[in-house]
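Enquirer:
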Amino acid sequence: MTKTNHSLIRSELHLAALKSVKYFLVSEMSRENEHIETLDEKEIADKEPEKPQDRDAPPEKLQEKPNEKPFIAKDPRPWYRITECWIYLLSVFVVFSITAWVIIVKVKHVNAVLEMKRINEELTLANSEERK
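Under UniProt numbering, the first residue of the sequence shown is numbered 1, with each subsequent residue one higher.
1. Can you name, in chain order, every residue of its own chain whose Cβ lies under 6 Å from the Cβ of E32, other than the five neighbours on each side?
2. Rounded to a whole number of angstroms, what is the C-alpha to C-alpha distance between S11 and I104?
3. Rounded to whole angstroms, what is the Cα-Cα separation between T99 and S20?
4. Give the straight-line distance between the Cα atoms of E115 and F93, rounded to the nearest whole angstrom.
Structural data, given as structure tokens:
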């Protein structure tokens with residue numbers, strides 16, 4: 001293939017990538033618009049016409065609304081909290097396991113050094129006895 005063929009293929013691939021990104025963005029925008037429209041329709045359907053309040057009624061009766069529930073926003077991504085928790089637990093486990101590994105290696109090293117010193121002392125003692 002010639003250099004122009006490579007550049008032509010590269011430009012076609014680039015164009016195809018741009019088209020796929022454009023398609024993805026358009027589909028995401030339309031999905032968001034549909035979600036917003038359905039929310040607006042639900043809000044309009046849920047709204048009741050406001051009743052005029054009785055000015056002579058005691059204030060307790062004005063504040064009581066048994067049908068209304070407090071608004072609790074639901075997390076749109078409940079998996080995010082679970083994943084975040086597992087990542088935290090995994091990181092704690094990794095830190096503790098690395099710390100334990102370092103301690104074990106250090107203890108083994110200290111034991112090996114002490115053993116080498118003991119053997120060295122025994123050999124020195126044996127050599128001094130042979131010389132006598």
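Built from N, CA and C at the ideal position, the CB exists for glycine as well. Since we're looking at a predicted model, the values are computed, not measured.
Expert: With the structure as the only source:
1. none
2. The alpha-carbon of S11 is positioned some 58 Å away from that of I104.
3. 48 Å
4. 33 Å
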